[in-house]
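Student: Those sequence lines, one after another, are chains L and Z. Heads up: the first sequence at position 155 corresponds to 154 in numbering that gives the first Met the number 0, and the numbers run straight through without jumps. Heads up: the second sequence at position 162 corresponds to 161 in numbering that gives the first Met the number 0, and the numbers run straight through without jumps. All C-beta atoms, glycine included, are put in the ideal place defined by N, C-alpha and C. My structure is below; once you've seen it, I'll send some questions.
Protein chains: 2
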Amino acid sequence: MSDYTVVGKSLPRVDGIEKATGTARYGADISLPGMLWGRFVRSPHPHARIKRIDTRKAEKIPGVRAILTHKSLSADQALSSEDTVHAMKSSQGLFASDKVRYQGEKIAVVAATDPDIADDAVEAIQVEYEILPGVNDVLEAIKEGAPHIFEDKPPITAPDGRTLHNICNESHNAFGDVDQAFREADIILEDTYNIPRVHQTYMEPHAVVADVDGQGNVTVWTCTQGIFAIRSGVASSLGIPISKVNVIGMTIGGGFGAKFGMLVHPYAVLLSQKTRRPVKIVMDRHEEFVDGRPAPGCWIWLKTGAKKDGTILARQAISYWNTGTTSGASLGQTSRIRGVYKIPNIKYDAYGVYTNEPGPAAYRAPGAPQVTFASEAQIDRLAEAVGMDPVELRLKNMAEDGDAVAGGRPLSHVAFKETLTAVADKVGWKNRKKGKNRGWGVAVGEWTNGAGPAGAYVSIHEDGSVKVFSGLMDITGTDTAMAQITAEVLGMPFDKVGVIRGDTNSAPYTTGSGGSVVTFSVGNAVKRAAEDARHRVLEIAAHQLEARPEDLLLADGKVSVKGGGKDSLTLAEVAQASLSTTGGPIVGKGAFAREPSHTVISAQIAEVEVDPGTGAVKLLRLVGALDCGTAINPVQVTGQMEGGAVQGASWGLMEESKYSPQRGNLNPHLLDYQIPTALDIPTLESVLVEKPSAHGPFGVKGVGEPPITPTLAAIANAVYDAVGVRVNDMPLTPERVLLALKAKRNGGNGHTGK
Amino acid sequence: MSDYTVVGKSLPRVDGIEKATGTARYGADISLPGMLWGRFVRSPHPHARIKRIDTRKAEKIPGVRAILTHKSLSADQALSSEDTVHAMKSSQGLFASDKVRYQGEKIAVVAATDPDIADDAVEAIQVEYEILPGVNDVLEAIKEGAPHIFEDKPPITAPDGRTLHNICNESHNAFGDVDQAFREADIILEDTYNIPRVHQTYMEPHAVVADVDGQGNVTVWTCTQGIFAIRSGVASSLGIPISKVNVIGMTIGGGFGAKFGMLVHPYAVLLSQKTRRPVKIVMDRHEEFVDGRPAPGCWIWLKTGAKKDGTILARQAISYWNTGTTSGASLGQTSRIRGVYKIPNIKYDAYGVYTNEPGPAAYRAPGAPQVTFASEAQIDRLAEAVGMDPVELRLKNMAEDGDAVAGGRPLSHVAFKETLTAVADKVGWKNRKKGKNRGWGVAVGEWTNGAGPAGAYVSIHEDGSVKVFSGLMDITGTDTAMAQITAEVLGMPFDKVGVIRGDTNSAPYTTGSGGSVVTFSVGNAVKRAAEDARHRVLEIAAHQLEARPEDLLLADGKVSVKGGGKDSLTLAEVAQASLSTTGGPIVGKGAFAREPSHTVISAQIAEVEVDPGTGAVKLLRLVGALDCGTAINPVQVTGQMEGGAVQGASWGLMEESKYSPQRGNLNPHLLDYQIPTALDIPTLESVLVEKPSAHGPFGVKGVGEPPITPTLAAIANAVYDAVGVRVNDMPLTPERVLLALKAKRNGGNGHTGK
């Protein structure tokens, strides 16, 4: 398959045994002498004015060491001698001040000597509210008369002249001339789609321990996707220089984009500053649901114009993203209506809409599953409308290397058609059989991995073992990839490479683990560091073997002369020799920040069976193909494909955070918030399409995000194929499917959607 | 004084506040969940055969989790599946097996859930001994009929034909022809000198916590002078690959050479392997005295031949070093009879002699104070014999750059004469006044710093702060020197440099902190790393400022164009810019192992007053000059000079471990083992002579060791000057001085010595 020795092999994860045997240490495992426990007072109401906060009773409980509120914090900071203005400004937004805008919003935090005492104190704090009407539906929130989440935010006038309320932010973009294109179109389709807010549902809730010493140096132990992001977040939110903050990343129990945030960190630091003791905060599952930062829900109107032969001419969208109380929704992702297709005319207007819900954040391919669902469901309708096979229609419109897609650079190193063809071939698409109440759906999604700044060090030790050192947080097996890259470069056994995670004080800057950037970016830094070390190895060996470095071969942990005699040196011998050279021990450094990357396509085909009596959708088969560039570790790439597909299937079939304007989150527990078990998911099938990238290490492309993007549409398209109803409100719960079936029997067109 | 901005300034120590405020974490501060405590069963007898060890009673004590003896260890290892032979061989010597050879020797170790239970178990272990006669005096130990410490070690025949018993090792060397030179000499002096064993008396006793996980990975937290030495020591003593051992160095409370050793580490690891729990062992002061690894005592016969004009022709010595039960004495240091002088003919025969005492180890300039005392005391006698001023005699014989000293390379970059002249000028030697019972003594000593392998990383962060990362253990303020070197190279404020200590998993190999190597060797590695980072800074800034890197000036934390306009970039701006370059974040690496270094001289002058009624010697003044190359931080160099001088004065005036063949160590407590208080030491005066070295960073020379070397002789010479007695047995206790005064009054020549 490849010329590589270690790269391309499905080697076992370097962290496998410690995770399987329970010796890995997570954020909540940290316990320090004298440590206090932090707990939050949270609003029970989605929207209310705070009349009064009374902490006096709580303060008297023995063991309570500190209680912080917006008011106490401002008072404390006013008393501090320096940077008062900056610190006060920094701490804005840590606690609700005049009113609460979502259920679960933080009003106070308590530190006590044990968690039960902290809970007692939370209960003892009295908060008086004046309840306000709330809003959750974006279509309601934008209307005149809707409750205003932020009173000082005036309504906006949209480009189409409408007055929109509760708008947080907006994004408008156009390429080509959609109006003219729609006029030229033979077929025009218009639909609305609604995708709910979902929680990332990582296994491990947010956890932090903070310790502030007498000089104000802050140490933070936490589960995070990016220790440097937490460092700068703590520093900027509290007005502390970053050089005084050290963040120690613990083993992380899932993140999916949500573990970049500062949900608990500044509070633990503030409590430790106040009490001069270490403070631990671990969120529980209820808190995760009411005050997590989930994927935003999205309502989208989508219009597609095409010729009779299936050539897509134009697409236009208006999207309203439920951005809760912050600007966290990735509304710009509305641009994904372009997909992987040559569509010359594109226009969209996207809005982030305030609601009485917590602000959203990143979730695996942020914004892409929502838009891709709309995009690929409507492509399926188009195939039907023009009478083409859905795979054929997609292949017809797909871009290739050299094509300049709307708003983007000309494509290179893409494998759109190969990947779709690969998944179609895998299921035998052309000869597929359709059982009763069964159907097939196809969809594609895409993601272009970003790049992030990363440094890495590689050192070679006296026994020939190697350590790779960086600030990388492994959430998906990337440490294993780093070991493989290092072993490949140094021509040495994989199991003699140790991958060591540093803290922000010791490690070079390393980008966070998100956006499918790690194997691409940190991998490049590690490869450069290994190459730097390799250079020294050959230099020393050349001296010892009396040869030129370029005549040496480094393989199997030995340096020998190419085509030479049996003289050779082990890596251990070279490392030992280095200790008495003027150049010293063998250390390599590597750093990287950016090079262009390429769009990766994920193509999936689902087969479902629908129970017409109950509306229940059973996923029978889910097959994916992914252009992964070079797979450093194929089984890990497959793991990403399966993980993304399961999350997409969950969003498509069962997962949904439900809110009420009066009661807030209606299903803030895993009993009511459904995610699939192993029984809900068939054995997944994955096909790797390896089209190497130009700049990834050994041709790597980012693979973490793409697999979640097409699944919602693939399943919805399969349900339509099975029973002839298009359900445009996700997820495809039995209730929705049954209602759609009933509507169809009652003469509807089988389409739903607000 | 210098052209440097940060180098050469007496800046405050980077670790000053944490040490002064008690927040620094030492080895004994580590406490882990489920941790056990280890305690040793030690021999109460200096020499005895072990008849029986009965651990049964101790095993039954609740809370006792493991008891290891030589026998149990061998049995355990015989049961283990692999590497049995190797492991058994590795563990040899951890515990006494058939007999004990010194009081305090380890017989067993216990791990229990708390230290009191461990103590109870130690008491409950019954050991039956057959007591053997012991020996402590090296002159007794070498004789026919002396107890043999190691029965299988046969007597040796010395070059002079004598049969010597209990000889551990020997070193013989000759340059020129001493016999011929002595025939040509006008004056020949012969004396014997005896210098006692002294303990390094660091404030913090040895401490370790070891934790072994299910995969056999070993983590060791400890106070040590060298984490990589402990790593290789643990690995080799227990047959574990070094890649499975991680050593975390804690803040260290003094070492002086003694904290390289493995006094506690393998035991804690073995107990953790056995119990699967973390195990802590902290030695108490008594254990430090009976089972520490002190500086060896030494008996030396020294003969000097000179011309009437004071020209020294030849020196010869025979030395017996009390090496206890190991080969730890640095007998080769007998070569220091050469001193800093042009002596063409040198011969010595040195022997390590086994006694019933623990093996010695390094103590600041290992072996040098002992030999230098003999050497410089006899030089003083020579000055008197030829009627020359002792300073003049030394200057007359001193070597200079270009002189090839016996057995050495031609000297370069030395400042012998300048340094002696500097200290003489400082006290006004030529016009010194002598009070009643008061006297002046001068002596010089020397040390040539070694070099050690070291790697270092330097990273520049977004706020312009810099982190220096290595495996360096700071025992003398070296972290501060590293910060100064880095700030100098990067043209940035000293207080924005953080010096971070890594463990052996994360840090590049870094030499241990001993032998005056650190500022020279690690300093070079850090300088190279900072230069590497600087190169990247200029590269990025050149691009941004549209200039050539060589036209840029890096100063005051800013990069600007030389002679150019007001355009400039802060280091923070350059670091931020780096995050979006293909080259990535700014990381520098540096490594170093060896380059030639130069002999450093320490010259001291003491003024004393002797009470003729009690023999008490009062140190009135102690003035030192030191060639320190370039002083990176003058006040820290002064600190080294003062520290060494105090330790030398202590050895010369009061300090001595006393042993009895029957009872072992007679003064194993700080109540009986005298070291000076502030009241015993006058204000010390220090003169820095800065003759830069060729290869040290910015001209650094190693300064840790030299200041202890001449002090014993300076004080002894001053006592002679005061009251006319030469006491050749150290230390100059009132008892010894009084006996010498009495002997002189009874017609002796005022010289003592066995």
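List the residues of chain Z whose Cβ lies closer than 7 angstroms to the Cβ of L:Asp462, in chain order.
Tutor: For the purposes of this step, residue 462 of chain L is taken as the residue at position 463 of the first sequence. Correct list: Pro240, Ile241 and Ser242.
Student: Could you check how far apart the C-beta atoms of L:Val498 and L:Ala486 are, in whole angstroms? I think they sit under 8 angstroms.
Tutor: As a first step, residue 498 of chain L is located in the first sequence; it is residue number 499 there, counting from the start. As a first step, residue 486 of chain L is located in the first sequence; it is residue number 487 there, counting from the start. Between L:Ala486 and L:Val498 the Cβ distance is about 11 angstroms, and since that is not below 8 angstroms, they are no contact.
Student: When you compare each of L:Lys341, L:Ser374, L:Pro705 and L:Leu578 to L:Ser515 by their alpha carbons, which one comes out closest?
Tutor: The count along the first sequence starts at 1 and reaches residue 515 of chain L at position 516. Per the Cα distances, L:Pro705.
Student: Would you kindly check if the distance between the Cβ of Z:Ile317 and the Cβ of Z:Val370 is under 8 angstroms?
Tutor: Indexing the second sequence from 1 puts residue 370 of chain Z at position 371. Indexing the second sequence from 1 puts residue 317 of chain Z at position 318. Taking 8 angstroms as the Cβ cut-off, Z:Val370 and Z:Ile317 do not qualify as a contacting pair.
Student: Is the separation between the beta-carbon of L:Pro667 and that of L:Gly133 shorter than 8 angstroms?
Tutor: In the first sequence, the residue the question calls residue 667 of chain L occupies position 668. In the first sequence, the residue the question calls residue 133 of chain L occupies position 134. The answer is no: Cβ separation not under 8 angstroms.
Student: Let's test the definition: count the other Cβ atoms within 10 Å of the Cβ of Z:Lys753 and tell me whether it reaches 16, buried, or not, exposed.
Tutor: For this step, residue 753 of chain Z is matched to residue 754 along the second sequence. Here the model assigns Z:Lys753 a pLDDT of 45, short of 50, so the residue's position is not dependable and the matter cannot be decided.
Student: Going along chain Z in order, which residues have a C-beta closer than 9 angstroms to the C-beta of L:Asn504?
Tutor: Here residue 504 of chain L refers to the residue found at position 505 when the first sequence is read from its first residue. Here the neighbours are Lys466, Phe468, Gly497 and Ile499.
Student: Can you tell me where the alpha helix (DSSP H) holding Z:Phe519 begins and where it ends?
Tutor: Here residue 519 of chain Z is taken as the residue at index 520 of the second sequence, counted from 1. Unbroken alpha helix (DSSP H) run through Z:Phe519: Val517 to Leu544.
Student: Is there contact here, the region 97–108 of chain Z with the region 43–55 of chain Z, by at least three beta-carbon pairs under 8 angstroms?
Tutor: Counting Cβ pairs under 8 angstroms, three or more are found: they touch.
Student: Verify whether the separation of the beta carbon atoms of Z:Thr191 and Z:Asn523 is less than 8 angstroms.
Tutor: For the purposes of this step, residue 191 of chain Z is taken as residue 192 along the second sequence, with counting starting at 1. For the purposes of this step, residue 523 of chain Z is taken as residue 524 along the second sequence, with counting starting at 1. Contact: no.
Student: Does Z:Lys557 get closer than 8 angstroms to chain L when you measure Cβ to Cβ?
Tutor: Along the second sequence, read from residue 1 onward, the residue named residue 557 of chain Z stands at position 558. With 8 angstroms as the cut-off, Z:Lys557 does not count as an interface residue toward chain L.
Student: Could you check the C-alpha separation between L:Lys435 and L:Ala717 for me, to the nearest Å?
Tutor: Taking the first sequence and counting its residues from 1, the one referred to as residue 435 of chain L is at position 436. Taking the first sequence and counting its residues from 1, the one referred to as residue 717 of chain L is at position 718. Taking the straight line from one Cα to the other gives about 13 angstroms.
Student: Please report the Cβ distance between L:Ser458 and Z:Gly454, rounded to the nearest whole angstrom; I am assuming they are in contact, meaning their Cβ atoms lie under 8 angstroms.
Tutor: Sequence index remark: in the first sequence, residue 458 of chain L carries index 459 (1-based). Sequence index remark: in the second sequence, residue 454 of chain Z carries index 455 (1-based). Yes, they are in contact, since the Cβ atoms of L:Ser458 and Z:Gly454 sit about 7 angstroms apart, within 8 angstroms.
Student: In chain L, what lies closer than 8 angstroms to Z:Ser692 by C-beta?
Tutor: Numbered from 1 along the second sequence, position 693 holds the residue referred to as residue 692 of chain Z. Going along chain L, no residue has its Cβ under 8 angstroms from Z:Ser692, so there is no contact; the nearest lies around 15 angstroms.
Student: Tell me the rounded alpha-carbon separation between L:Thr156 and L:Met282.
Tutor: Residue numbering aside, residue 156 of chain L sits at position 157 when the first sequence is read from its first letter. Residue numbering aside, residue 282 of chain L sits at position 283 when the first sequence is read from its first letter. Their backbone Cα atoms lie some 40 angstroms apart in a straight line.
Student: So what does DSSP say about L:Ala351, is it helix, strand or coil?
Tutor: Against the first sequence, residue 351 of chain L aligns to sequence position 352. In the sequence on display, residue 351 of chain L carries Gly and not Ala. Note: L:Gly351 maps to strand in three-state DSSP.
Student: Cutting at 7 angstroms between CB atoms, please list the residues of its own chain near L:Glu641, excluding the five before and the five after it.
Tutor: The residue given as residue 641 of chain L occupies position 642 in the first sequence. Correct list, in chain order: Leu683 and Ser685.
Student: Can you check whether the C-beta of Z:Glu81 is within less than 8 angstroms of a C-beta belonging to chain L?
Tutor: Residue numbering aside, residue 81 of chain Z sits at position 82 when the second sequence is read from its first letter. Because the pLDDT at Z:Glu81 is just 49, under 50, the model does not fix this residue reliably, and the value given afterwards should be weighed accordingly. It does not; no Cβ of chain L falls within 8 angstroms.
Student: Does any residue of chain Z have a CB that is nearer than 8 angstroms to the CB of L:Pro452?
Tutor: In the first sequence, counting from the first residue as 1, residue 452 of chain L sits at position 453. Yes, because at least one Cβ of chain Z sits closer than 8 angstroms to the Cβ of L:Pro452.
Student: If you drop the 5 nearest sequence neighbours on each side, which residues of the same chain put their C-beta closer than 7 angstroms to that of Z:Pro146?
Tutor: The residue labelled residue 146 of chain Z in the question sits at position 147 within the second sequence. Contacts found: His46, Leu131, Pro132, Gly133 and Val134.
Student: With DSSP as the reference, label L:Phe372 as helix, strand or coil.
Tutor: Working through the first sequence from its first residue, we reach residue 372 of chain L at position 373. Helix at L:Phe372.
Student: Take Z:Tyr672 and list the residues in its own chain whose beta-carbon comes closer than 6 angstroms to its own, dropping the five residues that flank it on each side.
Tutor: The count along the second sequence starts at 1 and reaches residue 672 of chain Z at position 673. Only Asn666 meet the Cβ criterion.
Student: Three-state secondary structure (DSSP) at Z:Pro409?
Tutor: Position 410 of the second sequence, counting from 1, holds the residue named residue 409 of chain Z. In this structure, Z:Pro409 counts as strand in the three-state DSSP scheme.
Student: Assuming Z:Gly476 and Z:Gln635 are in contact, meaning their beta carbons sit under 8 angstroms apart, how far apart are those beta carbons, in whole angstroms?
Tutor: As a position in the second sequence, residue 476 of chain Z is number 477, starting the count at 1. As a position in the second sequence, residue 635 of chain Z is number 636, starting the count at 1. Between Z:Gln635 and Z:Gly476 the Cβ distance is about 4 angstroms, and since that is below 8 angstroms, they are a contact.
Student: Apart from the five residues just before and just after L:Lys307, which ones in its own chain have a Cβ nearer than 8 angstroms to its Cβ?
Tutor: By 1-based counting over the first sequence, the position of residue 307 of chain L is 308. Asp185, Ile186 and Val385, listed in sequence order.
Student: Chain Z partners of L:Asp610, CB-CB under 7 angstroms?
Tutor: As a working note, residue 610 of chain L is residue 611 in the first sequence. In chain order: nothing, as chain Z lies at least about 48 angstroms away.
Student: So what's Z:Ala145 in DSSP terms, helix, strand or just coil?
Tutor: In the second sequence, residue 145 of chain Z corresponds to position 146, counting from 1. Three-state DSSP puts Z:Ala145 in coil, outside helix and strand.
Student: Please classify Z:Lys50 as buried or exposed, where buried requires at least 16 neighbouring CB atoms within 10 angstroms.
Tutor: In the second sequence, counting from the first residue as 1, residue 50 of chain Z sits at position 51. Exposed: under 16 other Cβ atoms inside 10 Å.
Student: Expressed to the nearest angstrom, what Euclidean distance is found between the alpha-carbon atoms of L:Ala403 and L:Val443?
Tutor: Sequence index remark: in the first sequence, residue 403 of chain L carries index 404 (1-based). Sequence index remark: in the first sequence, residue 443 of chain L carries index 444 (1-based). In a straight line, the C-alpha of L:Ala403 is about 19 angstroms away from that of L:Val443.
Student: If you follow the alpha helix (DSSP H) that Z:Val36 is part of, which residue opens it and which one closes it?
Tutor: Numbered from 1 along the second sequence, position 37 holds the residue referred to as residue 36 of chain Z. With the sequence shown as reference, residue 36 of chain Z is identified as Trp, and Val is not the correct amino acid for it. From DSSP, Z:Trp36 is part of no alpha helix (DSSP H) but of the beta strand (DSSP E) over Leu35 to Arg41.
Student: Return yes when the Cβ of L:Ile604 is within less than 8 angstroms of the Cβ of L:Ala721, no when it is not.
Tutor: Residue numbering aside, residue 721 of chain L sits at position 722 when the first sequence is read from its first letter. Residue numbering aside, residue 604 of chain L sits at position 605 when the first sequence is read from its first letter. It is not a contact, given that the beta carbons lie outside the stated cut-off.
Student: Pairs of beta-carbons, one from the region 590–603 of chain Z and one from the region 574–583 of chain L, closer than 8 angstroms: are there three or more?
Tutor: Taking 8 angstroms as the limit for Cβ pairs, the verdict is that the region 574–583 of chain L does touch the region 590–603 of chain Z.
Student: Does L:Lys279 come out as helix, strand or coil in the three-state DSSP assignment?
Tutor: Locating residue 279 of chain L in the first sequence gives position 280, counting from the first residue. Of the three classes helix, strand and coil, the one that applies to L:Lys279 here is strand, per DSSP.
Student: Determine whether the Cβ of L:Ser515 lies closer than 8 angstroms to any Cβ atom of chain Z.
Tutor: Within the first sequence, the letter at position 516 stands for residue 515 of chain L. Not one chain Z Cβ lies under 8 angstroms of L:Ser515.
Student: For a contact defined as C-beta to C-beta under 8 angstroms, what are the partners of L:Phe591 on chain Z?
Tutor: Reading the first sequence from its first residue, position 592 is the one you call residue 591 of chain L. Within chain Z, the residues near L:Phe591 are Thr581, Gly582 and Gly583.
Student: Can you grab the Cα-Cα spacing for the pair L:Arg735 / L:Ile674, in whole Å?
Tutor: Counted from its first residue, the first sequence places residue 735 of chain L at position 736. Counted from its first residue, the first sequence places residue 674 of chain L at position 675. If I take the Cα positions, the gap works out to 17 angstroms.
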